[in-house]
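Chains as they are written, first to last, in the working numbering: chain Z, 1 to 187; chain D, 1001 to 1759. Every residue, glycine too, gets a C-beta built ideally from N, C-alpha and C. Below is one structure, written out as structure tokens, with a few remarks after it.
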Amino acid sequence: MARRAAVRTVQRRARGPVPQAKVPIRVKINGVEYSHEVEPRLLLVHYIRDVVGLTGTHIGCDTSNCGACTVLMKGTWGNEWRAVKSCTLYAVQADGAEIITIEGLAKNGELHPLQKAFWEHHALQCGYCTPGMILAALGFLKLNPNPTREEIRKGISGNLCRCTGYVNIVKAIEAAAKEIREKGSWI
Amino acid sequence: MTAQRAVGAPVARRDAFEKAVGAAKYASDLFLDDMLWVAVLRSKYPHARIRRIDTSKAESHPNVVAVFTHRDVPVNRYGLFKKDRPVLCDDKVRYIGDPIALVAAETREDALEALKLIEVDYEPLPPVTDPIEAMRPDAPKVHDDGNICREVHLRLGDVDGAFARADVIVENTYRTGAQIHAYLETEAGISYMEDGKIVVVAGGQSPYRDRAEIAHALNLPEEMIRVVTPYVGGAFGGKDDITVQIHLALVTWKTGRPARLVWSREESMMAGTKRHPAIIKIRTAATRDGTILANKIEIVLDKGAYTALGPAVLDVAVENCNGPYRVQASQIDAYLVYTNNMVASAFRGFGAPQVIFAIERQMDLLAKKLGMDPLELRLKNALRKGDRYVFGNVLEGSVGIAQCLEVARSHPLWRSRGRNSCEWPWLRRGVGVAAAMKGYTIGALPDKGVVALELLRDGRVLVKGSFTEIGQGVIQAVAQIAADLLGVSVDDVEVVFADTEVTPDTSVTSASRQLFLAGNAVREAVEALRERVAELEGRLSGRRPARVEFSGGWVFIDSERRYSLQELARLLESTGLGRQVLGVYEVPRVEPLPGTLEIPHLFYMFGVTLAEVLVNLLTGEVTVSKVVSIVDAGRVINPITFTGQVEGAVAQGIGFALMEDAKIRDGYLLTRDLSTYLIPSSKDVPEIEVIPVETEEAEGPFGAKGIGEIGIISVAPAILNAVADATGVEPNAIPLTHERLYWLLKEHGLVEQLRRAST
């Protein structure tokens, strides 16, 4: 019996691709509700970029090493905001969740302290890693609002930058942390 | 006076704002309606004959629109120095990333699925993957005309006499690895038809050159193709050659539909270019007092499968292999050798990091043999302005190497050298120094840049040039230069870049020379505008003015009359003279030395790196704990951009020295992603101190000189010299991974010594 089943699978493969049933999902991104039917194999990062059209979230590696796709998310694992690499999830796993991407950080035309600090401290060159770096830093600052430079270096070590040598990134995060503490609101 | 207000000021970059809010669009961020997803079938073998390609199954896939092979390419060879690279392979594949077929499908998944349906019948051939082996006459041939792509043999001065007179002779062989660019944005682009033209929007470094390559391959006039380079997510030389451009243009030309092609990271690692791996043998003759008499140098660069920019890289290696020293005689034999490894081409430093690694390790070994301080040895031999370099060229540009070395000598880090012990017996501290040089501009090759300067109707200024923004900040720097020359605020200068339809050809963005070139072209454009104003005044008043000055948003004519720039724009338009002028700058050069392409340069960059390391004798782990980068910077246009560039270069240098180990076995790349090919993270890069030694480059815009590459060049030798200082072991190959150093330490009995001491 088992043998026959195996043969059947091979035959189906040979006829061409297996159409995947689409699954409905609802996700709130930057305060906006989206509902789409997506293939189960669709990665969250592709959903955010290709389907929703928020291309500030980038893809750098395909193996979850670079962190360019980092977003903030809550609702999938408990109700706390946390930074996640959106290439490590399927879109269907985000069903019912809330997400913040780089496009959702500025409020009423005012830059988030991290955005302002990255701009002013020259913490970016090509800028491709920047959105992920900022959101990873934000997730980290939520856990550790008053970090040392050494702790910042550890906190963002899951995100790669090839241009800056990290010196100004660390400075920017340090400056933003101070401003966030003074403001009393991290987001 | 508003003159020189923006130049020299640490102005936050305009593009950085867009990038920080996620609004900047890179090529990989562009999606078009009705767009085809393109995927590339790549060679499975490092060397094989193609017997047959069967695309019928892929073509019958329901969502596949077209499949392309070499039969669809009008002129199937491209390349800048030699047209030897197939757009899609026909007779043979020569490395594992070689492209064989393209699939254009309705979705990404369909395209990837269809790739698996293409059948290629290969006849595997024996690969040649060691450049020394490839030079043997009986080696398998990568190309029909043999494996030596290019060779240079120079005999400069009385080498034999120098060696006969020498008190000491030092000889060593050095090796460097195949560093991968690993920019965060992989090679990416889109294409579409517009007004009968093929438009390609892709990450690149030179839109005009890419356009010429596309036109050649498709056998179309250049005017039928428009190339746009948006913000690029890192390049470092890796996007200097064609990547996605011809494939995209082919798909859009044949199907009429928009297309998108973004390489996966694995594809980027395999099919993207690399830094040429090098084997360098140096024999140095010196006198007892540390005067270098001569170097005999043999350089072998592993070209990989195709020529790409290799010939120029070989020239840069040859030009800089004697280091920034007054060497009286040199014999240089250099070979660029084809293998079935991945293609090597431009990478920040362009041949200089390899040879400077070698000569700077050699300097430390010579110092050791002479019993001299390595910094004093360098200073004793350092080049000075006005010196005749080994090629007979007189160094008339700025030569700041001695100043850089003097700064290093008095730096606390250097003065702390010699304190090798740490609180734990298995940790050793070391400090190393290394110097660097590299010509910037493209040397004896002709090089001309054009920018357009348009006075807008509202009095603001628009600068247009084909320079590309690859993260280096050229747009901001150009705006700062234009602002100061025209006496306006930097916010009143708009910059449009890198579009063959709207920007004139500012030549290629490479060789640390785009600011130099574009900045000088802007200066020429301002002169042209001054001339235009004089002509206008001649028409209006019948008398040509003697002086035209721009200041504070006004143009002053013979201190008699002034117009606001807005009024000037209106007058230029109404008189038909036009609001746009061109600035043309041709880089001064000399005729190349016989047998070379671009030696010598007229302009050189110099720098010195100090590195402090901690070596764990039990594991071979090297921690770089401090780096000081001292750069002969000319005049710094934007200090924060400048230090940022140098810091980034240092980080790449740390990777080159210790971490970035592209494992290639029999032509197969084993490290195909960022989890196996490690680039420095925030935990691997220490605090970096950047010290500009501001000299004056008389020819540069506001005295500025190129700085993009210099920061990386002496990092690896400084780190290895520090490791040698810490341990007494002399490693001469990079990357010096934990494992390699561990075995070296063991070989030298250090591990055993430690074990004995602890029992």
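Query                                                                                                                                       : Result
Bounding residues of the beta strand (DSSP E) (the contiguous stretch that carries residue 1038 of chain D)                                 : 1036-1042
The segment 1357-1371 of chain D / the segment 1285-1292 of chain D touching (three or more Cβ pairs under 8 Å)                             : yes
Beta-carbon proximity of residue 1318 of chain D to residue 1344 of chain D, cut-off 7 Å                                                    : no
Contact between the segment 1384-1404 of chain D and the segment 1732-1749 of chain D (3+ Cβ pairs under 8 Å)                               : no
Residues that residue 1031 of chain D contacts on chain Z, provided the C-beta gap is smaller than 7 Å                                      : 50
Test item: CB-CB of residue 1099 of chain D and residue 1115 of chain D under 7 Å                                                           : no
Positions along the segment 1179-1202 of chain D whose CB lies within less than 7 Å of some CB in chain Z                                   : 1182, 1183, 1184 and 1185
Proximity of residue 1641 of chain D and residue 1400 of chain D at Cβ, strictly below 7 Å                                                  : no
Per DSSP, cross-strand counterpart(s) of residue 1284 of chain D                                                                            : D:1170 and D:1295
CA-to-CA distance, residue 42 of chain Z to residue 13 of chain Z, given in whole angstroms                                                 : Low confidence applies here, because residue 13 of chain Z scores a pLDDT of 41, under 50, leaving its location unreliable and the question unanswered by this model.
Completely contained alpha helix (DSSP H) runs for the segment 1690-1743 of chain D, where each covers 4 or more residues                   : 1710-1713 and 1715-1727
Length of the line joining the Cα atoms of residue 1460 of chain D and residue 1475 of chain D                                              : 16 Å
Chain D within 7 Å of residue 34 of chain Z, Cβ atoms only                                                                                  : no
Cut-off 8 Å between Cβ atoms - residues of its own chain near residue 1310 of chain D, not counting five sequence neighbours on either side : 1081, 1149, 1150, 1276, 1301, 1303, 1336, 1344 and 1345
Residues near residue 1580 of chain D by beta carbon distance below 8 Å, same chain, minus five either side                                 : 1452, 1453, 1454 and 1455
Contact between the segment 153-171 of chain Z and the segment 89-100 of chain Z (3+ Cβ pairs under 8 Å)                                    : no
Chain D contact for residue 70 of chain Z (CB, 7 Å cutoff)                                                                                  : no
Among D:1415, D:1437 and D:1420, nearest to residue 1402 of chain D - alpha-carbon criterion                                                : D:1437
Continuous beta strand (DSSP E) assignments of at least 3 residues falling wholly in the segment 19-106 of chain Z                          : 23-29, 32-38, 70-74, 82-85 and 98-100
Cβ distance (whole Å) where residue 1585 of chain D is taken to contact residue 1449 of chain D below 8 Å                                   : 5 Å
Segment contact flag, the segment 62-69 of chain Z with the segment 127-135 of chain Z, C-beta cutoff 8 Å, min 3 pairs                      : yes
Residue 1763 of chain D, DSSP secondary structure in three states                                                                           : In this structure chain D extends from 1001 to 1759, so residue 1763 of chain D is not present and cannot be described.
Span separating the alpha-carbon of residue 1097 of chain D from that of residue 1042 of chain D                                            : 5 Å
Distance between residue 1429 of chain D and residue 177 of chain Z (C-alpha atoms, nearest Å)                                              : 34 Å
Any chain D beta carbon closer than 7 Å to residue 2 of chain Z                                                                             : For residue 2 of chain Z, the predicted structure reports a pLDDT of 39, less than 50, and the residue's modelled location is therefore unreliable. A value from the coordinates is still provided. False, the Cβ-Cβ gap to chain D never drops below 7 Å.
Contact set between residue 170 of chain Z and chain D, taken where Cβ atoms lie within less than 8 Å                                       : 1682
Neighbour list for residue 43 of chain Z in chain D, Cβ cutoff strictly below 9 Å                                                           : Near residue 43 of chain Z there are no residues of chain D at all, since even the closest Cβ is about 11 Å away, more than 9 Å.
Whole alpha helix (DSSP H) elements within the segment 1604-1657 of chain D, 4-residue minimum                                              : 1639-1654
Bridge partner(s) assigned by DSSP for residue 1554 of chain D                                                                              : D:1551 and D:1564
Inter-stretch contact at 8 Å, needing at least 3 Cβ pairs: the segment 1673-1683 of chain D / the segment 1258-1272 of chain D              : yes
For residue 1404 of chain D, the first and last residue of its enclosing alpha helix (DSSP H)                                               : 1401-1409
Straight-line Cα distance separating residue 1208 of chain D from residue 1023 of chain D                                                   : 26 Å
Any non-hydrogen atom of the ligand ADP closer than 6 Å to residue 1581 of chain D Cβ                                                       : No copy of the ligand ADP occurs in the structure displayed, which carries no ligand at all.
Unbroken stretches of the alpha helix (DSSP H), 4 residues or longer, contained in the segment 97-171 of chain Z                            : 113-120, 130-143 and 149-155
Contained beta strand (DSSP E) runs [length at least 3] in the segment 1450-1475 of chain D, N- to C-terminal order                         : 1461-1465
Min CB distance residue 1264 of chain D to chain Z below 7 Å                                                                                : yes
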